[in-house]
Structure formats: C-alpha cells, structure tokens
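Residue numbers (this note's numbering): 720 to 1017. Idealized CB from N, CA, C, for every residue including glycine. Take a look at the structure below.
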C-alpha cells in the first residue's frame, strides 16, 4: 500500500515537472520570436561617430535599404564626438560615398539610424574604418526657425498693417452697401423702385417672347411653327434653280444669248448697225431742217 502511494506521488511530480518544462520552453520560444533576435547568427560590429546624436538611444533600430538590420548597442563620449556602437544582423559593404544619418520617426520623438552603403561600382571599405555620420536633422529647430521668420515677416513686413487696411476697406464697403450706395447697395436697399424697374423690364421681355411664340410680326412668322413661309421660300429657291439650269443649258433667249456665240455675234452686229444708223441720222438732221425752213418760205 505504501509503495502504491509513493508511486502515485512520484508520477504526479513527474507530470507537474514535465508541464513546467514545457511552459518554460514555450516562454523561451515566444520570447525569441517576438523579440526578433537572432541568437545564433554571426554578428557584424560597426562604430560610427557623430557630433550630436539628437536623442538617439541604446536599442534603437539600424535601418539599411528600408529594413531593420540591427540595433544600437552603446553610446560613448569620445573627445568632441559621440561614438555609437552598432551590432548588425546582416553584413554590409560600405563604400567611399556612404551616408549614415539619424532620422526622426515622428515629431513627438523616436529615432533610428539609417545607413546607405554607397555606389556598387566603388571598392568596399573595411568595417574597422572610421565612419562619420552626418549632422542630424533637427525638425523642431527648423520648425521654430520657420515660425520666427514668419512672425518677423508679419510684424516687420507690414502684413498685419495690410490686413488691417483690407479689413477697414471691407467694413467701408459693407457700410456703403447697407446705406444703399452704389449698384449693389441699390439692389440690396429697401427702396423698391429699382426692383420695380427690373420687374417691368422682365415683364416686357416676357411679352416680346410671348408675341414671338404666337408668331406675331416678321420675326414671329420666321420663328413660328407654320411652315407656309418656309415653303414659299423653298418654292422661290427652286424656281431660281430651275431658271439657272435652263440658262446654263442654253434654253430660252437669255440662255442662247449666253451660251451660243453666233447669237451673241448677231446681236452685236445689230447693235453696231443701229449705232451707225443713229450717227447718220444725227449728221443729216441739220440739212433736213434747213431745207424744210427754206422751202417753207415759199
């Protein structure tokens, strides 16, 4: 009986122990996964010197080509510099035209280190080289400078005075409108004479439109739905086309006169003969007059 109790107690302790081991293994696994640490890969170390790190801290990310590749391991003062020690999970090949700078993640804070390796055509530099980072971009300082410049331009540049003048001019215009001065003031005033004039003009225009719609006057006839005038004009145009066609074909006296050269020559000859007869008559008229007078005396 005693042996059975000891066996059951031992089994219970083994189960509890195995469960605890599994819990610890699970915690360790998820800790490694969530921290994204590479515990067994070979690290690359790198030192970068800055004049100012602008709030960079240990544990901040190191970014290259848009992806995190390591962490800030430590920061130390060194003469007039700040030496930043980096631990990189991926190996980099730094070139002569490299760029290393501190970037702010937001205006409220947060920093990361950005590395640009440089041109691929250049030979790589040893990682033991002295790398120097660029001066960090202080967003707050630049914003303060912009605000100060804007304030100076507003105060000393006369922008506020101009705004006051514009405000006074707008006030004067509003007062004139309220007093009924100017065209807009008359439109908005309580005097109904201008409104009555406009109403009369609109009524006249409406009357003219109604007369046109009824087909009154010449313009009304032209715009009316009655097709009689249109048909008459069409008949006239058709008649003119027919006459022109006959003339073009040489039909009728006018057509023959235009199309046949013989008829034209005959008419021209007759005109010349008539002109000659008229000239002869003009020359003989004095003789006839003298003869009639002379013989009339007897």
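ask   = How should residue 852 be labelled, buried or exposed, when 16 other C-beta atoms within 10 angstroms of its C-beta is the threshold for buried?
value = For the purposes of this step, residue 852 is identified with residue 133 of the chain shown, where counting begins at 1. Per the 10 Å Cβ criterion, buried.
query = Exposed or buried, what is residue 767 when buried is set at 16 or more other beta-carbons lying within 10 Å of its beta-carbon?
reply = Taking the chain shown and counting its residues from 1, the one referred to as residue 767 is at position 48. Per the 10 Å Cβ criterion, buried.
request  = Indicate the three-state DSSP secondary structure (helix, strand or coil) for residue 790 in the structure shown.
outcome  = Working through the chain shown from its first residue, we reach residue 790 at position 71. Looking at residue 790 - three-state DSSP - the assignment turns out to be strand.
Exposed unless 16 or more other CB atoms sit within 10 angstroms - verdict on residue 774 = In the chain shown, the residue the question calls residue 774 occupies position 55. Exposed, by the Cβ-count rule.
inquiry  = Taking DSSP's pairing of strands, which residues face residue 807 in a bridge?
reply    = Along the chain shown, read from residue 1 onward, the residue named residue 807 stands at position 88. Per the DSSP secondary-structure output, residue 807 pairs in a beta bridge with 763, 789.
ask   = Is any heavy atom of the ligand FMN found at a distance shorter than 7 Å from the C-beta of residue 924?
value = Summarising the ligand content, the structure contains no ligands, and the ligand FMN is consequently not present.
ask   = For the region 731-741 against the region 782-796, are there 3 or more C-beta pairs whose distance is under 8 Å?
value = The region 731-741, when compared against the region 782-796, does not touch it at the 8 Å Cβ threshold.
key: Where residue 739 sits in the DSSP three-state scheme   = Numbered from its first residue, the chain shown carries residue 739 at position 20. Helix at residue 739.
task = Between the Cα of residue 816 and those of 808, 804, 835, 822, spot the shortest distance and give me the residue it belongs to.
result = Locating residue 816 in the chain shown gives position 97, where the first residue counts as 1. Considering only alpha carbons, the answer is 835.
request  = Kindly indicate the opening and closing residues of the beta strand (DSSP E) around residue 831.
outcome  = Locating residue 831 in the chain shown gives position 112, where the first residue counts as 1. Annotation: the continuous beta strand (DSSP E) that includes residue 831 extends over 830-835.
inquiry  = Counting C-beta neighbours from all protein chains within 10 Å, is the total for residue 811 16 or more, i.e. buried, or is it exposed?
reply    = For the purposes of this step, residue 811 is identified with residue 92 of the chain shown, where counting begins at 1. By the neighbour-count rule (16 or more Cβ atoms within 10 Å), residue 811 is buried.
Own chain residues within Cβ distance below 8 Å of residue 1017, not counting five before or after = Here residue 1017 refers to the residue found at position 298 of the chain shown. Per-residue confidence for residue 1017 stands at a pLDDT of 44, beneath the threshold of 50, marking its modelled position as unreliable; the derived number appears in the next sentence. The beta carbon of residue 1017 sits closer than 8 Å to none of the beta carbons in its chain outside the five residues before and after it.
Extent of the continuous beta strand (DSSP E) run through residue 780 = Position 61 of the chain shown, counted from the first residue, corresponds to residue 780. It spans 780-783 - the beta strand (DSSP E) in which residue 780 sits, taken as one unbroken run.
inquiry  = Which residue marks the beginning of the beta strand (DSSP E) containing residue 822, and which one marks its end?
reply    = The residue labelled residue 822 in the question sits at position 103 within the chain shown. 818-823 is the extent of the beta strand (DSSP E) around residue 822.
task = May I have the straight-line CA-CA distance separating residue 729 from residue 741, to the nearest angstrom?
result = The residue you call residue 729 lines up with position 10 of the chain shown. The residue you call residue 741 lines up with position 22 of the chain shown. So the two alpha carbons sit approximately 18 Å from each other.
key: Nearest-angstrom Cα separation, counted from residue 823 out to residue 887   = Numbered from its first residue, the chain shown carries residue 887 at position 168. Numbered from its first residue, the chain shown carries residue 823 at position 104. So the two alpha carbons sit approximately 45 Å from each other.
request  = Spell out the partners DSSP gives residue 795 in its beta bridges.
outcome  = Taking the chain shown and counting its residues from 1, one reaches residue 795 at position 76. Note: residue 795 sits in a beta bridge opposite 802.
message = Please report the straight-line C-alpha distance between residue 881 and residue 807, rounded to a whole angstrom.
response = Sequence index remark: in the chain shown, residue 881 carries index 162 (1-based). Sequence index remark: in the chain shown, residue 807 carries index 88 (1-based). Each residue's Cα considered, the two are about 58 Å apart.
ask   = In the DSSP assignment, what residue or residues form a beta bridge with residue 850?
value = What you label residue 850 is simply residue 131 of the chain shown in a count that begins at 1. Beta-bridge pairing links residue 850 to 767.
request  = Starting from the C-beta of residue 762, find all residues in its chain whose C-beta is less than 6 Å away, skip the five residues before and the five after it, and write them out in chain order.
outcome  = As a first step, residue 762 must be located in the chain shown, where it is residue number 43. Only 806 meet the Cβ criterion.
ask   = Under the three-state reduction of DSSP, which class applies to residue 813: helix, strand or coil?
value = For the purposes of this step, residue 813 is taken as the residue at position 94 of the chain shown. Note: residue 813 maps to coil in three-state DSSP.
key: Distance, residue 884 Cα to residue 916 Cα   = Position 197 of the chain shown holds residue 916. Position 165 of the chain shown holds residue 884. Roughly 37 Å separates the two Cα atoms.
ask   = residue 865 to residue 841, Cα distance in whole Å?
value = Locating residue 865 in the chain shown gives position 146, counting from the first residue. Locating residue 841 in the chain shown gives position 122, counting from the first residue. Straight-line Cα distance between these residues: approximately 39 Å.
request  = Give me the Cβ distance between residue 820 and residue 855, rounded to the nearest whole Å; I'm assuming they're in contact under 8 Å.
outcome  = Within the chain shown, numbered from 1, the residue matching residue 820 stands at position 101. Within the chain shown, numbered from 1, the residue matching residue 855 stands at position 136. Between the beta-carbon of residue 820 and that of residue 855 there is about 7 Å, and that keeps the pair under the 8 Å contact cut.
key: Cut-off 8 Å between Cβ atoms - residues of its own chain near residue 955, not counting five sequence neighbours on either side   = Locating residue 955 in the chain shown gives position 236, where the first residue counts as 1. Answer for residue 955: no residue qualifies.
query = Can you tell me whether residue 889 is buried or exposed, with buried defined as 16 or more other CB within 10 angstroms of its CB?
reply = Start at 1 with the first residue of the chain shown, and residue 889 comes out as number 170. Its Cβ having fewer than 16 others within 10 Å, residue 889 is exposed.
key: Buried/exposed call for residue 769, threshold 16 Cβ in 10 Å   = Translated into the one-based positions of the chain shown, residue 769 becomes position 50. So residue 769 ends up on the buried side.
query = Considering only C-alpha positions, which residue in the set 818, 951, 800 is nearest to residue 838?
reply = By one-based count along the chain shown, residue 838 stands at place 119. Taking only the C-alpha atoms, the option nearest residue 838 is 818.
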